[in-house]
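Just below is one structure, and these are the notes that go with it.
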Ligand code: GLN
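Numbering (full-length UniProt numbering), first residue to last: 26 to 471.
Here is the structure:
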């Protein structure tokens, strides 16, 4: 814990990953752990962890990267926070993110810009830019991010670390501030695959506070790391290596496939024909759900409220106009439009049909293959500011990650190369609840 805070003091001035650090609580916990008898010590005993700031922490401000929640102090811990505590981990602080997890660069945080530790002029990705950068910069070895459409995997890829988006339902969402409830999952970000498997084992499992959490038994994910990938069948969708994917990224992924081949796995090209509709469908569904989820921020129950508002109407209006940033307001408008009586059928219903088609595309591939592999992102990390005013390009660039959320599948991003000093990430996508297979392959390759 001391080493962690020393490292944060040394590098976070440049990286800017943390929104809040919790020295006092962390040292109290560490001291308490020092007195714990050996027999009671959990598998992650004494290890510091950072938590994305949309996961609620009792008594510790939880902002969601938004002015709306700048002073919001939750009265309970998210289930995952209870679980990392029970595993003996020490929470050292809360990590920066795009406001309400809407973004891919962490440029949409209301508070600060997190920088990519490999090159400070570049973004760390997003929306879990803080969690990925903190791990890449060696501030913590473990963090928790959240992934609605790629927000664990894409920043993991941009920062050269390992990020897992578990199967929908594998990890409780209780205490995660909702963005798109049918898409959101909390996932571990770490420097290597083994750490990642240990952390997922600690946070997974059914929770009576989240009715969408699965009661399937949680395997010991660490036990999957056998190194044996002989005869495993890998599908590589041609759309994942198609137009728009940078040549260096394609080359790195193909090199990785060759490594897996040399270890005895087999790979073939397949097609996911509906992939081109994934981003538009995702943005209709995610913003629709967000417009409903964010209705609770009304200036009455939570968060920001202008002190001089004169009546109820003005409280609602000004709390939301002044409390939310531009990107969030834009998405609430999109989502409200998509769910409105006039547009529901041609936008929301159509998007839900595409969601089914995409899930079916994957299901068909999984009849004959163990996993699907492709890049986590079409390019390495962008320069800060480069795409800030180009939202359509940013939305389109989510095409390789959002299909996984639409289908509820698990996927892990592992580093597979570098170009001009910036990391490249490869994504391994699996069958529902088959995270063990993803860890096995990622570990063998790593
Ligand atoms: N970039 C996507 C979005 O802006 C994904 C975000 C996420 O997974 N939270 O919605």
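All C-beta atoms in this analysis are idealised placements derived from N, C-alpha and C, irrespective of residue type, glycine included.
*If you check the beta carbons only, do residue 134 and residue 179 fall under 8 angstroms apart?*
no
*Please go through the same chain and pick out, in chain order, the residues whose beta-carbon is closer than 7 angstroms to the beta-carbon of residue 289, but skip the five residues on each side of it.*
254, 255, 256
*Under a three-way DSSP split, which group does residue 77 fall into?*
strand
*asked:* So, for residue 99: in the same chain, excluding its five sequence neighbours on each side, which residues have a beta-carbon less than 8 angstroms away from its beta-carbon?
replied: 81, 82, 83, 84, 85, 87, 200
*In angstroms, rounded to a whole number, what distance separates the CA positions of residue 236 and residue 193?*
12 angstroms
*Leaving out five residues on either side along the sequence, give the residues of the same chain with a beta carbon under 8 angstroms from the beta carbon of residue 308.*
Closer than 8 angstroms at the Cβ level, and outside the excluded window around residue 308, lie 359, 420.
*asked:* Between residue 499 and residue 380, how many whole angstroms is the CB-CB distance? I'm expecting something under 8 angstroms.
replied: Only positions 26 to 471 of the chain appear in this structure, which leaves residue 499 out of reach.
*Taking only runs that begin and end inside the segment 354 to 408, name each unbroken beta strand (DSSP E) of 3 or more residues, in chain order.*
The segment 354 to 408 contains these whole beta strand (DSSP E) runs: 396 to 400.
*Tell me whether residue 127 counts as near ligand 1, meaning its Cβ is closer than 7 angstroms to at least one heavy atom of that ligand.*
yes
*Identity of the residue in 45, 159, 111, 127 nearest residue 314 by Cα*: 127
*asked:* Can you confirm whether the segment 284 to 300 touches the segment 319 to 338 when touching is taken to mean that 3 or more C-beta pairs between the two stretches lie within less than 8 angstroms?
replied: Touching, no.
*Could you pull the start and end residues of the beta strand (DSSP E) that residue 260 belongs to?*
From DSSP, the beta strand (DSSP E) with residue 260 extends over 258 to 262.
*Thinking residue 428 and residue 282 are a contact (beta carbons under 8 angstroms), I'd like their distance in whole angstroms, please.*
At roughly 19 angstroms, the Cβ-Cβ gap does not stay under 8 angstroms, so residue 428 and residue 282 are not in contact.
*asked:* Once DSSP output is grouped into helix, strand and coil, what is the label at residue 468?
replied: Here residue 468 sits in helix by DSSP.
*asked:* Given a cut-off of 8 angstroms on the beta-carbon distance, is the pair residue 69 and residue 114 in contact?
replied: Using a Cβ distance threshold of 8 angstroms, residue 69 and residue 114 count as a contacting pair.
*Would DSSP call residue 436 helix, strand or coil?*
strand
*Which residues in the same chain have their Cβ closer than 7 angstroms to the Cβ of residue 382, if we skip the five residues on either side of it in sequence?*
299
*Touch check for the segment 397 to 405 and the segment 260 to 272: three-plus C-beta pairs under 8 angstroms?*
A contact is defined here as three or more CB-CB pairs under 8 angstroms, and the segment 397 to 405 meets this definition with respect to the segment 260 to 272.
*To the nearest angstrom, how far is it from the Cα of residue 65 to the Cα of residue 122?*
35 angstroms
*Helix, strand or coil for residue 221, going by three-state DSSP, please let me know.*
Helix, per DSSP.
*Hey, would you say the C-beta of residue 311 is under 7 angstroms away from at least one heavy atom of ligand 1?*
yes
*Straight-line Cα distance separating residue 136 from residue 350*: 11 angstroms
_residue 480 classed as buried or exposed, judged by whether at least 16 other C-beta atoms fall within 10 angstroms_ = This structure cannot speak to residue 480, because the chain is shown only from 26 to 471.
_Suppose only complete runs of 3+ residues qualify. What are the beta strand (DSSP E) ranges in the segment 162 to 211, listed by chain order?_
Segments of the beta strand (DSSP E) lying fully in the segment 162 to 211: 167 to 172, 187 to 190.
*Which stretch, first to last residue, makes up the alpha helix (DSSP H) that contains residue 109?*
104 to 111
*residue 35 classed as buried or exposed, judged by whether at least 16 other C-beta atoms fall within 10 angstroms*: exposed
*Indicate the three-state DSSP secondary structure (helix, strand or coil) for residue 268 in the structure shown.*
coil
_Given this structure, state the Cα-to-Cα distance separating residue 418 from residue 408, to the nearest angstrom._
14 angstroms
_Counting beta carbon pairs with one atom in the segment 211 to 224 and one in the segment 155 to 175, are three or more of them shorter than 8 angstroms?_
Counting C-beta pairs with one atom in each stretch, the segment 155 to 175 and the segment 211 to 224 have three or more that are closer than 8 angstroms, which means they touch.
*Among the residues of its own chain, which have a CB less than 7 angstroms from the CB of residue 138, if the five just before and after it don't count?*
41, 131, 132, 409
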